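Notes follow once the structure below has been shown.
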Amino acid sequence: MHNPQHARLMRLATRAALAVALTLVLAKAIAWWLSGSVSLLAGLTDSLLDSAASLINLIAVHFALRPADEDHRYGHGKAEALAGLGQALFIGVSAILIGLQGIERLQSPQPLEAEGVGIAVMLLSLALTIVLLAFQRKVVRETGSTAIHADSLHYRSDILLNSSILLALLLTRFGWQQMDAIFAIGIAFYIFWSAISIVRGSIAVLMDEELPSETSQHMYDLANAVPGVLGSHDLRTRISGTRWFVQLHLELPGEMSLSEAHNHCVAVEKAIHEHYPRAEVLVHADPQEIVQH
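Read in order, the letters of the sequence shown correspond to residues 159 to 451 in my numbering.
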């Protein structure tokens, strides 16, 4: 079962991201229309794709939070990783479009108008994005959500993007006309790299990559510290959305009764879960004499 507080935070984070993205689309569209800045167009393109990505994220998180059913006994958490791949696609496309626009404007520079409006809009964009990122960081820290983390990564890149656009507009205002296009191209490369980072994280979840080795070792230590446990082996872990699935074999005395072995398994599950609340732990008991070391 999902933690109700975590579910509430995740839903709130997806709605906040979509609201911020739509607000910035409107503001940047007005500023680009008035100024003609290609770096502002890059920002508008990015915000449009942010809106689409955040909408996908909202739907994916809603689906991922659905409880396990007969067809999905491990829940629907991997919908978050699929959303991450969708976000990466949107972000990669936006990077290519921004780069092409920058190259075209570099070859055919054009004077900008109403830079003041563009500067004001970029300051608004920075303020809203910083507030959103602070909230997303809190949600990721508390829930470990893959989808919110992916969303946070591309909004983090927006801080650089918006700062670069602001700097480009300021430099253009002082006569550095080509800086608008140069910054747009640089932004495109950075956004594309962010897309690659999101793909890597999503694939790790979809391919059931193990948790970090230090986490696995700590789980072994927790299991072995339970009184009566002689050892443990074959720890397996994977991530699905906000949940960790952990499987572990315990080594117990062969003469121990089934009831006692069950109690030891429950104690180990509780010990691991107390340290890692996201973990759903399944423990199997083995008689020590049949374990091959």
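A virtual CB, placed ideally from N, CA and C, is assigned to each residue, including glycine. Every value quoted in this text rests on a predicted model; they were computed, and no experiment measured them.
With distances taken between CA atoms, Ala239 lies nearest to Ile397 out of Trp334, Ile397, Ile249. Taking every protein chain shown into account, the CB of Gly412 has fewer than 16 other CB atoms within 10 angstroms, so this residue is exposed. The three-state reading of DSSP puts Phe347 in helix, counting H, G and I together. Across the set Ile361, Ser360, Arg394, Pro385, the C-alpha of Arg394 shows the shortest separation from the C-alpha of Ser371.
Contact between Ser193 and Gly276 is confirmed by a C-beta separation of about 5 Å, below the 8 Å threshold. In this structure, the CA atom of Ser212 is about 44 Å from the CA atom of Ala443. Note: Leu406 is bridge-paired with Val441 in the DSSP secondary-structure output. Residue environment: Leu198 is assigned as buried (16 or more neighbouring CB atoms within 10 Å of its CB, all protein chains considered).
As the crow flies, the alpha-carbon of Ala362 is around 42 Å from that of Thr330. Residue environment for Phe350: buried (at least 16 other C-beta atoms within 10 angstroms of its C-beta). With a contact defined as Cβ atoms closer than 8 Å, Ile256 and Ile340 miss out at about 12 Å. The segment 277 to 286 and the segment 377 to 394 do not touch, with fewer than 3 CB-CB distances between them shorter than 8 Å. Note on Arg401: 16 or more other CB atoms within 10 angstroms of its CB, so buried under the neighbour-count rule. Around the Cβ of Trp190, a 10 Å sphere holds 16 or more other Cβ atoms; the residue is buried. In this model, Ala278 and Leu202 are separated by some 14 Å (Cα to Cα). Short of 6 Å from the beta carbon of Ser360, and not among the five residues preceding or following it, lie these beta carbons of its own chain, in chain order: Ala239, Gly242, Leu243. Ranked by how close their Cα comes to the Cα of Ala326, the residues Gly260, Val251, Ile217, Val441 have Gly260 in first place.
The Cβ-Cβ distance between Asp392 and Leu406 falls below 8 Å.
Judged by beta-carbon spacing, Ala174 lies within the 8 Å limit of Leu290, meaning their Cβ atoms are closer than that value. In the DSSP annotation of this structure, the continuous segment of the beta strand (DSSP E) that includes Ser398 starts and ends at 389 to 398. By alpha-carbon distance to His431, the top candidate from Ala419, Thr373, Thr181 is Thr373. The Cβ-Cβ distance between Gln336 and Leu247 does not fall below 8 Å. DSSP links Arg401 through a beta bridge to Ser398. Within the same chain, and ignoring the five residues on either side of Leu207 in sequence, the residues whose Cβ sits closer than 8 Å to its Cβ are Phe248, Ile249, Val251, Ser252.
Val298 and Leu416 have their C-alpha atoms spaced approximately 40 Å apart.
C-alpha of Leu216 to C-alpha of Gln446: approximately 48 Å in a straight line. Closest option to Asp309, judged by alpha-carbon separation, among Ala210, Lys186, Ser266: Ala210. Taking each of Glu262, Tyr348, Glu300, Leu408 in turn and checking the Cα distance to Arg436, the smallest one comes out for Glu300.
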